[in-house]
Each structure stands twice: as structure tokens, then as C-alpha cells.
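Residue 2 is where the sequence shown starts when you use the working numbering, and the numbers rise one by one after that.
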Amino acid sequence: ASHELQTPLATSKAVIDVALGDPNLDHAHDLLTDLRELSTRSTRTVTALLDLAVAEDGDLNRQTIAVDTMVQEVLDEHRPQAAVAEVELRLARTSPASVEADSVLLRLMLHNLVSNAIQHNTRP
Numbered sequence: 002a003s004h005e006l007q008t009p010l011a012t013s014k015a016v017i018d019v020a021l022g023d024p025n026l027d028h029a030h031d032l033l034t035d036l037r038e039l040s041t042r043s044t045r046t047v048t049a050l051l052d053l054a055v056a057e058d059g060d061l062n063r064q065t066i067a068v069d070t071m072v073q074e075v076l077d078e079h080r081p082q083a084a085v086a087e088v089e090l091r092l093a094r095t096s097p098a099s100v101e102a103d104s105v106l107l108r109l110m111l112h113n114l115v116s117n118a119i120q121h122n123t124r125p
């Protein structure tokens, strides 16, 4: 089921990326950029739904996770989105910290938190 959900989204994003690379489509650039962002969000939603379905089945894979490392990875993955929104992502250095959790669900939670922070950022 996951393949059937993810393939059309990935394909549409690839087509949009190709169209964005065509210099003859300058007039459609803004629309294609919006469509690409929508496709990216849809892909994240499908991935999140599939991850939650696994979690609801009780198949949690608890392990010790270096939280500071995972947070840095998630921030790095969101840097392109933050740059577009003109938001600076920083992690204040603290002592290494670990937690016992399911790494997929923790990463999903961190992705949602950072993505929402970027999307709903207001400047003074």
C-alpha cells in the first residue's frame, strides 16, 4: 500500500522539477513552485500516516537515541525550507542527551515540530 501511495506523489514532484528546469516556462515558475511544495507536503503526510499506522499496530522499536544528534539531523534536513522562509535554524549546544524511544516516531515528531515552526514563524 505504501508504494501505491508514494509513487504518484514522487512522480508528480519529479515532473514538476523537470518543468521548473525549463527556461521557456518562466511565466509558470511561481505556479510550479507552489505545486512542488504541495507535492512535498503530500509526500510527508503519506509518510507520516504510514509511520503512525505501524505505531498503532504496537510495533514500536524502542532504542536509545542521541536526541541532540537527531535534532541536528532534522534541522539540517529543513534548512532549504527555512531558507525559503528566511528563517534561521540553530541548535544551542548542550550536553549530549539520549532517550529511549522509537526512532521513526521521534524523527516524525521532530520533523513536524520544525516544519510547523518554520511555516508559522512571525517576525516582529
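Every residue gets a Cβ at the ideal spot worked out from N, C-alpha and C, and that includes glycine.
Report task. Kindly indicate which residue of T48, N122, P97 has the alpha-carbon position closest to the one of Q110. Result -> On the sequence shown, position 109 is the one that residue 110 refers to. The question names Gln, but residue 110 in the sequence shown is Met. Checked all of T48, N122, P97; the closest Cα to M110 is T48.
> Leaving out the 5 sequence neighbours to the left and right, which residues in its chain are closer than 8 Å to N10 when beta-carbon positions are compared?
Replying inline: In the sequence shown, counting from the first residue as 1, residue 10 sits at position 9. Checking the displayed sequence, the identity of residue 10 turns out to be Leu instead of Asn. The residues are S40, S43, T44, V47.
*asked:* When you compare the CB positions of D18 and R37, do they come within less than 9 Å of one another, or not?
replied: What you label residue 18 is simply residue 17 of the sequence shown in a count that begins at 1. What you label residue 37 is simply residue 36 of the sequence shown in a count that begins at 1. In this structure, R37 lies closer than 9 Å to D18 by Cβ.
_If you measure between the beta carbons of R63 and D103, is that distance less than 9 Å?_
In the sequence shown, counting from the first residue as 1, residue 63 sits at position 62. In the sequence shown, counting from the first residue as 1, residue 103 sits at position 102. Yes, they are a contact pair.
**Report entry** Bounding residues of the alpha helix (DSSP H) (the contiguous stretch that carries S43)
**Finding:** Indexing the sequence shown from 1 puts residue 43 at position 42. Counting along the chain, the alpha helix (DSSP H) containing S43 begins and ends at 30-57.
Requested in this report: Quick one: measure Cβ to Cβ for H79 and V105, integer angstroms, because I've assumed they're closer than 8 Å.
Outcome: Position 78 of the sequence shown, counting from 1, holds the residue named residue 79. Position 104 of the sequence shown, counting from 1, holds the residue named residue 105. The Cβ separation is near 17 Å, so there is no contact.
Just grab the DSSP bridge partners of L105 for me.
Within the sequence shown, the letter at position 104 stands for residue 105. Strictly speaking, residue 105 in this sequence is Val, with Leu absent from that position. Per DSSP, none; premise fails for V105.
Practice task
Given a cut-off of 9 Å, decide if S99 and A67 are closer than it, judged by their beta-carbon atoms.
Solution key: Here residue 67 refers to the residue found at position 66 of the sequence shown. Here residue 99 refers to the residue found at position 98 of the sequence shown. In contact: A67 and S99 (Cβ atoms closer than 9 Å).
message: Going by DSSP, what residue range makes up the alpha helix (DSSP H) through T70?
response: By one-based count along the sequence shown, residue 70 stands at place 69. Its alpha helix (DSSP H) spans residues 68-78.
What I want to know is whether the C-beta of N113 ends up closer than 8 Å to one or more non-hydrogen atoms of the ligand MN.
For the structure depicted, the ligand MN is absent and the ligand set is empty, with no information on it obtainable.
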